[in-house]
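**Student:** My questions all concern the structure below.
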């Protein structure tokens with residue numbers, strides 16, 4: 010098998026929304042980070058509420074407060090993931106931003122020249138014609154980098170998609 014090419018993976022981007030659907034993607038990213046001795050960049054995008062940034066009726070700053078609280082909760086979750094990565098011997102850092110998730114993921118992947126993007130994805134027991142959610146679909150079809158989509162664990166009683 011002399012003609013098999015081994016990729017040079019130095020940076021892996023892991024996108025997470027902290028759902029159970031991304032838990033296995035976290036495991037994959039950390040394991041690949043160990044295998045390749047690669048840094049894992051953990052990205053979380055907070056989808057904006059339509060027109061929240063330009064809502065002139067929000068004089069009290071409710072949207073700013075809401076996004077501030079959401080950002081702080083997300084920051085705590087990301088810091089925990091970085092700690093978990095480091096406990097496993099994987100260098101990691103995080104990025105959090107308000108905006109369209111797929112654009113944030115692709116933008117950060119380009120900015121830091123990552124070698125691979127890893128995303129969790131939902132499984133659809135009742136809709137087998139749907140293969141991915143909108144964020145993973147948009148990243149998969151718009152990125153020029155390798156994208157690994159990792160199916161989440163099926164709920165108890167669901168059959169795995171194999």
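In the working numbering, the protein residues as written are 10 to 171. Cβ coordinates follow ideal geometry from the N, Cα and C atoms, glycine included.
1. Look at the alpha carbon of residue 41 and the alpha carbon of residue 107, and state the distance between them as a whole number of angstroms.
2. By Cβ distance, which residues of its chain are closer than 8 Å to residue 71, with the 5 residues on each side in sequence left out?
3. Tell me which residue opens and which closes the beta strand (DSSP E) that residue 48 is part of.
4. Quick one: Cα of residue 104 to Cα of residue 54, how far?
5. Report the residue from 150, 144, 130 and 147 whose alpha carbon sits nearest the alpha carbon of residue 31.
6. Tell me whether residue 80 sits in a helix, a strand or coil according to DSSP, three-state version.
7. Got a sec? Which residues, its chain only, sit under 8 Å from residue 19 by beta carbon, not counting five neighbours each side?
8. Would the stretch 111-126 count as touching the stretch 76-96 if we require 3 or more Cβ pairs under 8 Å?
9. Grouping DSSP H, G and I as helix and E and B as strand, with all else coil, what is residue 162?
10. Measure the beta-carbon distance from residue 50 to residue 102 and round it to whole angstroms, keeping in mind my assumption that it falls under 8 Å.
**Tutor:** Let me spell this out:
1. 28 Å
2. none
3. 48-55
4. 8 Å
5. 130
6. helix
7. 45, 47, 48 and 124
8. no
9. coil
10. 6 Å
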